[in-house]
Amino acid sequence: MAKKKKDEPEGHFGDALLDDLHERLQGTTENGACLVFHGSATFIEFRNKFTCNYRYQGYEQAKSHTAIKNTLHGYMTGIEHERSKAIKDRGHIVTSAYETDSGGMKPGAYCIDLNFPNKGDWDVGGPDRDITRLKYNGRSTTTIKKGHNFTRETWPYWNNAHHLISKGTFKNMILNEGPKISNIIQKALLTAKYNIHHKKNVLLMPQDKEVAQILGLPRHLVLKEEDQQEVSKQCTSHPVYDRLVRETKKGLREILDGYRELCDPVKDYPDGHPIPDVNLDKSKLEKLSEKLLRLILGMTPGSPLDQQAHRRMSGS
Numbered sequence: 120m121a122k123k124k125k126d127e128p129e130g131h132f133g134d135a136l137l138d139d140l141h142e143r144l145q146g147t148t149e150n151g152a153c154l155v156f157h158g159s160a161t162f163i164e165f166r167n168k169f170t171c172n173y174r175y176q177g178y179e180q181a182k183s184h185t186a187i188k189n190t191l192h193g194y195m196t197g198i199e200h201e202r203s204k205a206i207k208d209r210g211h212i213v214t215s216a217y218e219t220d221s222g223g224m225k226p227g228a229y230c231i232d233l234n235f236p237n238k239g240d241w242d243v244g245g246p247d248r249d250i251t252r253l254k255y256n257g258r259s260t261t262t263i264k265k266g267h268n269f270t271r272e273t274w275p276y277w278n279n280a281h282h283l284i285s286k287g288t289f290k291n292m293i294l295n296e297g298p299k300i301s302n303i304i305q306k307a308l309l310t311a312k313y314n315i316h317h318k319k320n321v322l323l324m325p326q327d328k329e330v331a332q333i334l335g336l337p338r339h340l341v342l343k344e345e346d347q348q349e350v351s352k353q354c355t356s357h358p359v360y361d362r363l364v365r366e367t368k369k370g371l372r373e374i375l376d377g378y379r380e381l382c383d384p385v386k387d388y389p390d391g392h393p394i395p396d397v398n399l400d401k402s403k404l405e406k407l408s409e410k411l412l413r414l415i416l417g418m419t420p421g422s423p424l425d426q427q428a429h430r431r432m433s434g435s
């Protein structure tokens with residue numbers, strides 16, 4: 120059992136009786152049990168290799184999952200693809216970094232544009248050399264260290280360790296079941312060693328529109344780009360994609376409906392008594408993650424998740 124650190128939030132959002140079921144294991148992606156974000160997801164210098172760190176989990180998945188790795192490593196071909204012609208003709212890649220309301224730039228320590236990568240520059244496990252680039256002011260620089268791609272959100276480009284089943288949506292839908300059912304579901308999933316941050320539920324995704332076009336992937340968020348028509352600008356969330364996660368066939372709503380039916384007969388346990396034991400099949404959630412991954416890998420390059428989710432749900 121992972122030792123609880125003082126004042127460390129537990130990997131659930133229910134009764135304190137669930138505390139001991141949270142598993143936070145070091146040096147592995149496997150056998151963790153965690154249902155909610157807590158603490159930092161930093162992976163700088165390859166630190167914090169533990170089961171609740173979703174950037175670490177996403178990195179390991181990108182190294183080992185053939186379809187993900189091939190996509191992330193397909194940028195040299197992507198630059199030559201017809202979809203990248205305008206970018207290639209311009210001679211550099213424009214990022215989707217934007218000015219914040221306070222006058223700063225998001226993300227910090229990034230840049231307005233990127234040079235075209237050489238072979239290996241954007242690889243998982245790359246680059247094979249240190250790469251220095253200019254920051255926003257055009258004078259100071261930052262250096263991407265050899266072999267450190269994806270250990271930060273801006274190396275080699277702005278990226279996100281995306282939860283396929285969104286952690287906030289997952290939490291809110293379980294809480295909506297009410298405290299008793301919610302506690303029973305959480306106990307069952309933690310006992311089954313379900314980890315919302317496991318690598319099967321995490322995909323490293325580009326945030327920059329033009330990087331996404333080159334890779335052949337959708338981008339994570341709408342941000343302040345002007346290309347979308349059907350969805351609103353979002354810089355911190357993807358509400359339409361979250362709705363797809365809920366409403367797709369065998370999606371989160373259908374899964375939780377099934378869980379509720381199994382938990383309902385024991386929901387009236389007395390306050391202060393142990394939370395009842397119910398066996399819930401975590402593979403339903405894992406299969407949903409696999410389905411969402413296939414959907415994303417087949418979406419329109421460069422388009423935001425929200426726009427692609429809207430079109431899928433509307434049939435357009």
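Per this note's numbering, the sequence shown runs over residues 120 to 435.
Built from N, CA and C at the ideal position, the CB exists for glycine as well.
What does residue i pair with, by DSSP beta-bridge criteria?
{"i": "Ile263", "result": "Ile250"}
{"i": "Phe169", "result": "Gln145"}
{"i": "Ala152", "result": "Glu142"}
Give me, in chain order, the residues of the same chain whose beta-carbon lies closer than 8 Å to that of residue i; leave out the 5 immediate sequence neighbours on both sides.
{"i": "Pro275", "result": "Pro236, Asp240, Trp241, Gly245, Pro246, Ile250, Ile263, Asn268, Phe269"}
{"i": "Pro358", "result": "Asp425"}
{"i": "Arg372", "result": "Met292, Arg365, Glu366"}
{"i": "Arg431", "result": "Leu363, Leu414"}
{"i": "Thr219", "result": "Lys225"}
{"i": "Gly193", "result": "Leu334, Gly335"}
{"i": "Lys238", "result": "Met195"}
Do residue j and residue i have their beta-carbon atoms positioned less than 8 Å apart in this structure?
{"i": "Ile315", "j": "His282", "result": "yes"}
{"i": "Ala331", "j": "Pro420", "result": "yes"}
{"i": "Val341", "j": "Thr288", "result": "no"}
{"i": "Leu411", "j": "Ile284", "result": "yes"}
{"i": "Asn278", "j": "Met224", "result": "no"}
{"i": "Ile415", "j": "Leu334", "result": "no"}
{"i": "Ile374", "j": "Lys403", "result": "yes"}
{"i": "Asn167", "j": "Tyr175", "result": "yes"}
{"i": "Ala181", "j": "Val243", "result": "yes"}
{"i": "Lys265", "j": "Ser408", "result": "no"}
{"i": "Leu144", "j": "Thr170", "result": "yes"}
{"i": "Gly158", "j": "His141", "result": "no"}
{"i": "Lys207", "j": "Ile198", "result": "yes"}
{"i": "Lys204", "j": "Cys230", "result": "no"}
State the DSSP-derived secondary structure class of residue i, mapped to helix, strand or coil.
{"i": "Ala319", "result": "Sequence inspection shows Lys at residue 319; the Ala mentioned does not correspond to that position. Three-state DSSP puts Lys319 in a helix."}
{"i": "Gly434", "result": "coil"}
{"i": "Ile212", "result": "strand"}
{"i": "Lys312", "result": "coil"}
{"i": "Met418", "result": "coil"}
{"i": "Lys401", "result": "coil"}
{"i": "Lys225", "result": "strand"}
{"i": "Leu233", "result": "strand"}
{"i": "Tyr217", "result": "strand"}
{"i": "Glu179", "result": "helix"}
{"i": "Ala74", "result": "Residue numbering for the chain in the displayed model covers 120 to 435; residue 74 lies beyond these limits and cannot be assessed."}
{"i": "Ala160", "result": "coil"}
{"i": "Lys123", "result": "Interpretation of Lys123 is limited by its pLDDT of 43, a score under 50 that renders its predicted location unreliable; the figure taken from the coordinates is listed afterwards. Lys123 falls in the coil class under three-state DSSP."}
{"i": "Pro128", "result": "Low per-residue confidence applies at Pro128: pLDDT is 48, beneath 50, and the placement is therefore not dependable enough to give any value."}
{"i": "Pro423", "result": "strand"}
{"i": "Lys207", "result": "helix"}
{"i": "Tyr96", "result": "Absent from the structure is residue 96, since the part of the chain shown begins at 120 and ends at 435."}
{"i": "Asn256", "result": "coil"}
Leaving out the 5 sequence neighbours to the left and right, which residues in its chain are closer than 6 Å to residue i when beta-carbon positions are compared?
{"i": "Lys328", "result": "Ser215, Arg338, Glu344, Gly421"}
{"i": "Leu136", "result": "Ile394"}
{"i": "Asn172", "result": "Ala160"}
{"i": "Glu149", "result": "none"}
{"i": "Tyr313", "result": "Lys401"}
So, for residue i: in the same chain, excluding its five sequence neighbours on each side, which residues have a beta-carbon less than 7 Å away from its beta-carbon?
{"i": "Cys382", "result": "Ile300, Ile303, Ile304, Val397"}
{"i": "Asp134", "result": "Asn302, Ile394"}
{"i": "Lys386", "result": "Lys299, Ile300, Ile303"}
{"i": "Glu405", "result": "Lys319"}
Within the region 324 to 399, note down every full alpha helix (DSSP H) run reaching 4 residues or more, in order along the chain. 328 to 334, 358 to 366, 371 to 382
Whole alpha helix (DSSP H) runs in the region 258 to 310 with 4 or more residues, listed along the chain? 286 to 294, 298 to 310
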